[in-house]
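I have placed the structure first, in the form of structure tokens, so that the comments after it can refer back to it.
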Amino acid sequence: MQQASSRAASSLSTSSQPVQPAELLHSVFGFASFRANQEQVCRTAISGRDLLLVMPTGAGKSLCYQLPALARGGTALVISPLISLMEDQAAKLAALGLRVARIHSGLARAAARQACVEYLQGALQFLFIAPERLRVPGFPEMLAKRKLALIAIDEAHCISHWGHDFRPDYRMLGQHLPALRGAPDPAPVLAMTATATPTVQADILAQLGMIAPAKFIHGFRRENLAIEVVEIPQPDRAPAIFRLLIKLSHRPAIVYAPSRKQSEQLAAELSRAIPAAAYHAGLDAETRERVQRAFQAGELEVVVATIAFGMGIDKANIRTVIHAGLSATLEGYYQEIGRAGRDGALSRTFLMHSYADQRTHDFFLNRDYPPVESLSHVFEALTGDPQNVDKLRAASNLGEEEFDKALEKLEIHGGARVDFDGSVTRGAPGWKKTYAIQARHRAEQFEKVLRYTVSSECRVAALVRHFGDLEDANRPCGKCDICDPAGAVLRQFRRATALEREIVQSIVDELRPVDYKAAGALQRNLDLVGRLSRSDFDALLDAMARAALIEIEQAEYEKNGEVIPFRKVRLTARGLEVRPATPLPLLIGDGVADEFGGRSDPPMRSKKPKLTRPKLVHEDPKPAKTPAPRPEFRPPTPEEQAFTQSIEAKLRDWRATEAKRLGVPAYMVLHDRALAAVAQTRPASPQQLSQIPGIGPAQAERFGEIILAFCRSPN
Ligand code: ADP
Ligand code: MG
Ligand code: ZN
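Using this note's numbering, read the sequence shown as starting at 20 and increasing by one per residue.
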């Protein structure tokens, strides 16, 4: 530590004599070597160039602003949306002997003042601030009094309407940056995030007014994962999972189950032959800790978990990750499959889905994004004069939770200003637009998951593209069910029938004279209705794409102001050559291999409803009939919900009292999302509590014990 601090201090004083990045890496951070791409990013930042850095969570983005900050000398300004993130990073830097301060709403005024004094004295190497600080009159001017080493903007996707965590305060950054950067030779702006689709990337660059930025988008490709996506009815999933995991080479494994009940049932079934256990929020903390430890130690080989599992797991040899239902976002899915094969050895992942999975998701979406009318209702009640939150809530005809959720969304979107004394003032009417955009975005995220399941693009390439690495997105992985259908373990492929080969020929003939056709138009023109169901037709197109006879591109057009996605189908050079006599060893995706308990009736005559594409993805103006929900779909039982709800209710009561006592809105004590997560995951230790998103160190310190006590004794 001593050494680190003197090295860090000298890097400040000898900034005229450039320190080598590698030297700082060893002496200050204590790391043996750079991780992939870190050095290049550091060098770019040190040179003073603006940059956008997109790398997965855990890839080591922080170092990419921290090291250049030391190399450049002076104070780095770090803007971060979450107090917990700020505290965590500040603590880590302080532990390295670096001089750090932070300013956010969780700190006493004196501490903030002290930080400003130190900043102005040039005594800080890092200053962390929350973006809303820039609203405080005089604060940006105070910052601008000194030349900054660099400005790092963490979680930069928050600036974009299209990002899933849009934060209006990030929007203000753009207008303050020019003054903060100074002139001449402006301080570089470093924007970092783990998730930025190409749209979000462009938005970040534009909003921040970045100057000739370098873009580093890396690290999303996983070389050793064989990904399979399989349509399989819910009742068939358990036997399929059993048969997969009975093979030793497929273990250890994590299975993600959509509900607690399912995780219990599945674990019980697997336990007949495999050391397996359930892991979910309804289990007591001790059990969960025991399961986690046993899995880590190799005594348990399979854990069947709800999404709460995996954060604390550091197990390199996980061979299989199975999703027994759809994830809500590709981000979540990617993170979960990413737990497989950390040791670099080949690992398999299976995503099981069917139409029924869509309904579970709709339920959550409606809960988290209340209708615009609810927000309007609250907005109408607000005035230019501050009003007491509790009185407003009592006077409204919304439930307490609904009200708080609506107010929270209003505040995020600028329709309300909530102050620490628990009063609310009316904001600007523009909230409606951005809220609608964001709610829409959430729905779209799930639609992207659905599209992923029905896509005929290499699974890895699709994910890499989703995360914005367009350069790397064209290389097929060679291992997934699309790249290597014959190598698929669970998903079954069969040879095309004579009828299908005939249809392939007519598709080729139809496409030959044109640049492209929409998939929907193709099906209508060929009058295949009746001969081939829509999903069988899609399976056939997918098979043709896999055989490189056609290319399928996701595209969209506008109709009455609405963006309608469709699929462009183009003939490839190889497809052009197909003649009736051409041998076509086409493999058609066909559900689940028999040995895994798949269906045995011939696919073309199957009466089982197949996955329809989501409404949005329909290229057909007349959407196909929506199949009736599968009878096996069952929402969580009342008993299942009651357990979590009892804890939730206790927490809510306590929160209301506490909020009243402190005179702040309830969500300032504990955010709804955090509250729900606490009830779901029932943390057993302060450490587990602090892992819950939305629980910052300040909250953990103030309320940690009480919250943990609720989790210990729900009654
Ligand atoms: P990100 O912000 O990309 O999610 P972090 O910057 O928080 O990731 O880094 C994740 C972890 O990796 C941290 O514990 C960090 O100390 C560690 N780390 C970063 N760079 C290196 C490196 N070159 N060698 C070893 N560990 C590293
Ligand atoms: Mg980070
Ligand atoms: Zn692939």
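Yeah, the Cβ is synthetic: ideal placement off N, Cα and C, and Gly gets one too.
Distances from the alpha-carbon of R514 to those of A566, N493, Q464, D534 put A566 closest.
The C-beta of I341 has 16 or more other C-beta atoms within 10 Å across all chains shown, which makes the residue buried. Three or more Cβ pairs closer than 8 Å define a contact, and the region 228-243 meets that threshold against the region 478-490.
In summary, K424 is buried, with 16 or more beta-carbon neighbours lying within 10 Å of its beta-carbon over all protein chains present. Under the 10 Å beta carbon count, P271 is surrounded by 16 or more other beta carbons and is classified as buried. Judged by DSSP in its simplified three-state form, F439 adopts coil rather than helix or strand. K80 sits away from A245, with the two beta carbons spaced by 7 Å or more. Boundaries for I711: no alpha helix (DSSP H) harbours it, and the DSSP string shows neither H nor E there. Membership of Q354 in any beta strand (DSSP E) is not indicated; the residue belongs instead to the alpha helix (DSSP H) covering 349-356. Contact check for A95 against I65 fails: the beta carbons are separated by 7 Å or more. Residue environment analysis places K578 among the exposed positions, since fewer than 16 neighbouring C-beta atoms fall within 10 angstroms of its C-beta.
The ligand MG has a heavy atom closer than 6 Å to the beta-carbon of K80. The DSSP-derived three-state label of E174 is coil. In the three-state reduction of the DSSP assignment, N336 falls in the coil class, being assigned neither a helical nor a strand state. DSSP places V119 within a strand segment (E or B) once states are collapsed to three. Using a cutoff of 6 Å, the CB of T663 does not count as near the ligand ADP, since none of the ligand's heavy atoms is closer than that.
Counted as a single uninterrupted DSSP element, the alpha helix (DSSP H) harbouring T472 occupies residues 450-473.
Here the region 392-406 makes contact with the region 423-440; the two share three or more CB pairs at distances below 8 Å. Between L545 and I526 the beta-carbon gap is near 7 Å, inside 8 Å, which marks them as a contact. For H460, the closest of T218, P100, L139 by C-alpha to C-alpha distance is T218. Going by DSSP, S366 is part of no alpha helix (DSSP H) but of the beta strand (DSSP E) stretching over 366-372. About 15 Å separates the Cβ atoms of R165 and I122, ruling out a contact at the 8 Å cut-off.
The beta carbon of C477 sits closer than 7 Å to the beta carbons of P495, C496, C499, I501, C502 from its chain, once the five residues preceding and following it are set aside; these are given in chain order. Your pair F512 and I607 checks out as a contact, with CB atoms roughly 6 Å apart and the cut at 8 Å. Secondary structure within the region 506-549: the beta strand (DSSP E) runs of 3 or more consecutive residues, fully enclosed, are 510-514 (chain order). The ligand ZN never approaches V508 closely enough for any of its heavy atoms to be under 6 Å from the residue's Cβ.
Per DSSP, the unbroken beta strand (DSSP E) holding K234 starts and ends at 233-236. The beta carbons of V249 and V523 sit about 23 Å from each other, so the pair does not count as a contact at 8 Å. Taking 7 Å as the cut-off, the Cβ atoms of Q699 and A324 do not count as close. Two segments are said to touch when three or more pairs of C-beta atoms, one from each, lie closer than 8 Å; by this definition the region 138-156 touches the region 184-201. Between the region 397-406 and the region 358-372, the count of Cβ pairs shorter than 8 Å is below three; the stretches do not touch. Excluding its 5 nearest sequence neighbours in each direction, Q59 has C-beta neighbours in its own chain below 8 Å: F235, listed in chain order.
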